[in-house]
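Working notes, beginning with the structure itself.
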Amino acid sequence: MIKLIALDLDGTLLDSQKNISEMNKQAIHKALAKGVKVVLCTGRPLGGIKRYVDELDLLGEEDFSITYNGGLVQRNHDSKVLSEKTLSYQDIQTIYQLSQDLGLPMNMLDLEYVYEPEYPTGRDSLYPSLMSASLPFVKREIASFEADHQFNKVVFCTDPAYLDDAITRIPAAFHEQFSTMKSRPLLYEIMHPEVDKGSGIARLCELMGFSADEVMVCGDEENDAAMFDYAGVAVAMENATEAIKSKATYITKTNDEDGVAHAIHKFVL
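Under my numbering, the letters of the sequence shown match residues 3 to 271, in that order.
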């Protein structure tokens, strides 16, 4: 029996216009009425998904979201942190040096801001246009931070072809030192080595007393792979990457065809 549904946002719950369809909303509300927990699981910060949390009325004492790709588990209504894994200032220095070597623009995020250190000449980050409504953007150089400052994640956001080429030149040791994933064609994310959506869901389930076989997840991209490995029921969207489809229990309709609602009706309702 499914007791928790974890939903990716972009390409999954949200349609191409970044909206939640009426059919998806109705299915989610029916699941909630049965006592099933619904959790948004995203690379965004909590402030960047407030619109959807409010729209789905996920504002109770036991309503949570998994943000920063699993690096942060928070209660929705008051942002209380239940679990958090962060990058250190030393980590940021290491990652920034890599970004300089590869000619990639870099942004760092904590709970309050997205920071913009100096970008490579002629290659500004595309992240401000991608995530303009999530957190305030602040121009700040790496050397200006205190040594104990903690960061939730780092992103490289640029032209997909340029990014893909750069990714091939990242040393193998770097992937062992950090958790890295591509969450969109133009976006590469770097986090604490123990962070992924699967670990975030596992931590929340531990706190709530649920087991993996009581969890259904829906997703479409590389950063959803770990939660597919964890959950008892893993639903890939028809628009998902082939790698994600290969991990799926079930392939539902696309994000523009109410795929999440179809999955909820099949496995929960």
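Glycine residues also receive a C-beta, built at the ideal position from the N, C-alpha and C atoms.
- When the alpha-carbon of residue 166 is set against those of 155, 263, 186, the nearest one is in 186.
- If you check the CB distance, residue 68 and residue 11 do not come in under 8 Å.
- With respect to the 8 Å criterion, residue 71 and residue 193 are classified as neighbours on the basis of their beta carbons.
- Comparing alpha-carbon positions, the option among 115, 237, 162 lying closest to residue 48 turns out to be 115.
- Note: residue 237 is bridge-paired with 220, 252 in the DSSP secondary-structure output.
- Secondary structure at residue 69: strand, using DSSP grouped into helix, strand and coil.
- In summary, residue 57 is exposed, with fewer than 16 beta-carbon neighbours lying within 10 Å of its beta-carbon over all protein chains present.
- Taking a C-beta distance under 8 Å as the contact criterion, residue 242 and residue 199 do not qualify as a contact pair.
- With a cut-off of 8 Å on Cβ pairs, the segment 167-179 is not in contact with the segment 29-38, counting fewer than three such pairs.
- Collapsing the DSSP output to three states places residue 190 in a strand.
- Relative to the Cα of residue 64, the nearest Cα in the group 271, 184, 45, 79 belongs to 79.
- Look at residue 133 here: in three-state DSSP terms it is coil, with no helix or strand label.
- The residue from 128, 119, 123, 188 with its alpha-carbon nearest to that of residue 146 is 119.
- For the 8 Å CB-CB criterion, residue 93 and residue 154 do not form a contact.
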